[in-house]
Every structure is written in C-alpha cells, then in structure tokens.
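To start, the structure itself, in structure tokens.
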Amino acid sequence: MDKEKILKAGKIASQVKEYAKTIVKKDIILLEIAEKIEDKIIELGGKPGFPTNLSINEIAAHYTPPHDDETKASGLIKIDLGVHVDGNLADTAFSVDLEDNKENKKLIEASQKALEKVAKFIKQGSKTNEIGYLIQKTIESYEFSPIINLSGHEMKKYELHAGLTIPNIDDKREFILEKGTYAIEPFATKGGGRVRDGKPSGIYILIDEKNVRSPIAREILEFILEEYKTLPFCSRWLVKKFGTKALFGLKQLEQNENLHQFPQLIEISNQKVSQAENTFLIEKDKTISTTE
Ligand code: MN
Ligand code: MN
Numbered sequence: 026m027d028k029e030k031i032l033k034a035g036k037i038a039s040q041v042k043e044y045a046k047t048i049v050k051k052d053i054i055l056l057e058i059a060e061k062i063e064d065k066i067i068e069l070g071g072k073p074g075f076p077t078n079l080s081i082n083e084i085a086a087h088y089t090p091p092h093d094d095e096t097k098a099s100g101l102i103k104i105d106l107g108v109h110v111d112g113n114l115a116d117t118a119f120s121v122d123l124e125d126n127k128e129n130k131k132l133i134e135a136s137q138k139a140l141e142k143v144a145k146f147i148k149q150g151s152k153t154n155e156i157g158y159l160i161q162k163t164i165e166s167y168e169f170s171p172i173i174n175l176s177g178h179e180m181k182k183y184e185l186h187a188g189l190t191i192p193n194i195d196d197k198r199e200f201i202l203e204k205g206t207y208a209i210e211p212f213a214t215k216g217g218g219r220v221r222d223g224k225p226s227g228i229y230i231l232i233d234e235k236n237v238r239s240p241i242a243r244e245i246l247e248f249i250l251e252e253y254k255t256l257p258f259c260s261r262w263l264v265k266k267f268g269t270k271a272l273f274g275l276k277q278l279e280q281n282e283n284l285h286q287f288p289q290l291i292e293i294s295n296q297k298v299s300q301a302e303n304t305f306l307i308e309k310d311k312t313i314s315t316t317e
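If you count the sequence shown from 1, position 288 lands on 313 in my numbering, and the numbers rise without skipping.
This is how it looks when you write it as structure tokens:
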C-alpha cells in the first residue's frame, strides 16, 4: 500500500536529516556532504527523491554540487533532501548557521516557526491561502519577508511537484486541501522576498522521451527512464555512472528538449535566505508530518 511507502520515505528522510545535522560543518566540502546524505538514504532502504540541495546564503534553492565541485560549507546553508520509496516521496529541509551570526539564527527561527505554525493547522479542508497567511504573518513578525515566488507543493507518485501549490503568502486564492501528500516550505529573507533565475544548476527533469540521435545521449536517456523516471536528477549522478562523457550527452538531451535544466534560484536583492520544510500526509481525520 502506498501509505506505508509514503511513511517509510518520511521516516528515512527524518533519520537522514538528523544524520545530516551531524555532518554539516563549516568548511566541509559540499560534495562530501551531498554524497554522504544520498548514501545514507540508500543505506536506509530508500532512494534520493531529488539531488540534495546545499544552497548557501542568497542562493535560495537548486544548488547541488557538480561532480568536481570544491565549494565548502559556509554562511547560512539550506539542506534540502528528498527520499522516495517506489516513487512515494518525502521532501524536507532545514537551515544551519555556520558563522555564528545573530541574523542568520533569527532567519532560521523565522522559517522554522512558520513551518511549526502550519504543522498545527494543516488538515483536510484547509485553504491554501490560509496556510500562506500563517507563513507570511509569522515571518513578518520577525521583520523578514517570505519568498513569494517559492512555494509548497502537493506530491504524487514520481511527481515531486504535482497538483496544488501552497503559497508562502496570503495570495487570496482559496484552493481546498484534500487528502494527499504536501510539502510545506517557508523561506525567510531580509531582502525583496523574491527569487530570480541564476546559473544552470545541473539539476534536470525529463520532459520528453522522444528519440535522440547521439548514442551516448540515447544511453543516458534510457538510464534516466529506468532509474529516475519523472523525478529530478543531476549531472553528478550521471558522471558517476557514465564518466564525464555524460556531460556531453546531457547537453544534447537538453538541446533536443528531452530534458529541462533548472536554474539556481537567487534572492532578488542578494540577501540571505533561510528555509524549513516538512512533508504532511493529510488523511480524512488526521494529518501526519511524515518527515519529523
Ligand atoms: Mn525540498
Ligand atoms: Mn519541496
């Protein structure tokens, strides 16, 4: 039954989150952190639901280390990790202050508190804008802004972003939450409260299975269909499997419009961003936070 798999994915994500808290330290290479997190997910019986995001300071989301990355952990870092069990997803994130900075800590508290408020409130029948209102009011009470063009999302089997979107502000759109699995992810910043597209992230998703001429591109496409299906993946994973020729294949698949590559998401005024995220399984008479 899928419910058991959703709960299993959540439990693994929760355990890996606790493990991640012990390994994220200043100056540790991001590549090492990402690989340890993803190895731990597999060790516990899941698979990564998407590439581990390790986004620092004004990068709000979508930084995953490339295969040859030398970036070290620093500043205000967001650790956003995903687990799936046969396509049943858990999505969770937390933020860490690696420079003992008062404002970082306050930013972290703001997004965390917003998530806690939602956790007490969210249930079948909740309206999406009521959740957005709670997030907005909580973050604003810290004199920060929520990021308005990032949002929570419903999840379905092998679909990380499916169905409903749950805003981080009161957008007045009263969509009703029905039974299902939802990720809630408040982001807080001192900046303008929006993100813009940055550099290509090396995180991709399949958009079209159509034929591609080059043999390496075709080989990679077949592997993607088999291994990731419609879940996000990254160049680092494919370099591990195929060597650096994977980068050439990925480029062709992107040009041929088989793949979409996500950009990094940067806070519009280059201010630091914090994030907190948990997954909620909403049932008729109760809501379970699967990733706590
Ligand atoms: Mn996430
Ligand atoms: Mn999410």
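Backbone N, C-alpha and C fix where the C-beta goes; we use that ideal spot for every residue, glycine too. In this text the structure is predicted, and so the values were computed from the model without any measurement.
Residue i burial status per 10 Å Cβ neighbour count (16 or more: buried)
i: His87; result: buried
i: Glu252; result: exposed
i: Phe212; result: buried
i: Thr96; result: exposed
i: Ile67; result: exposed
i: Leu284; result: buried
i: Pro73; result: buried
i: Gln296; result: buried
i: Ser166; result: exposed
i: Asp93; result: exposed
i: Phe16; result: In the structure displayed, the chain extends from 26 to 317; residue 16 sits before or after that span and is not available.
Rounded Cβ spacing between residue i and residue j (contact assumed at less than 8 angstroms)
i: Asn193; j: Ile172; result: 6 angstroms
i: Ile232; j: Leu140; result: Rounded, the Cβ-Cβ distance is 31 angstroms, inconsistent with contact.
i: Pro240; j: Gln286; result: Actually they are not in contact, since the Cβ atoms of Pro240 and Gln286 sit about 21 angstroms apart, beyond 8 angstroms.
i: Gln300; j: Ser120; result: 6 angstroms
i: Phe258; j: Ile245; result: That pair is no contact at about 10 angstroms.
Any non-hydrogen atom of ligand 1 closer than 6 angstroms to residue i Cβ
i: Ala34; result: no
i: Ala59; result: no
i: Ala118; result: yes
i: Glu95; result: no
i: Glu179; result: no
i: Glu302; result: yes
i: Asp105; result: yes
Ligand 2 heavy atom lying under 6 angstroms from the CB of residue i
i: Ala208; result: yes
Proximity of residue i and residue j at Cβ, strictly below 7 angstroms
i: Ile31; j: Leu256; result: no
i: Gly177; j: Ala115; result: no
i: Lys51; j: Ala98; result: yes
i: Leu185; j: Phe200; result: no
i: Glu302; j: Thr89; result: no
i: Ile37; j: Ile48; result: no
i: Gly112; j: Phe75; result: no
i: Gly157; j: Asp196; result: yes
i: Ile291; j: Ile54; result: no
i: Gly217; j: Ser294; result: yes
i: Thr269; j: Lys148; result: no
i: Val143; j: Thr214; result: no
i: Gly205; j: Glu168; result: no
Let me know the beta strand (DSSP E) ranges lying completely inside the stretch 231-315, each 3 residues or longer, listed in chain order. 284-292, 298-300, 303-307 and 312-314
Would you list, in sequence order, the uninterrupted alpha helix (DSSP H) runs of no fewer than 4 residues that lie entirely inside the stretch 108-187? 127-146 and 153-166
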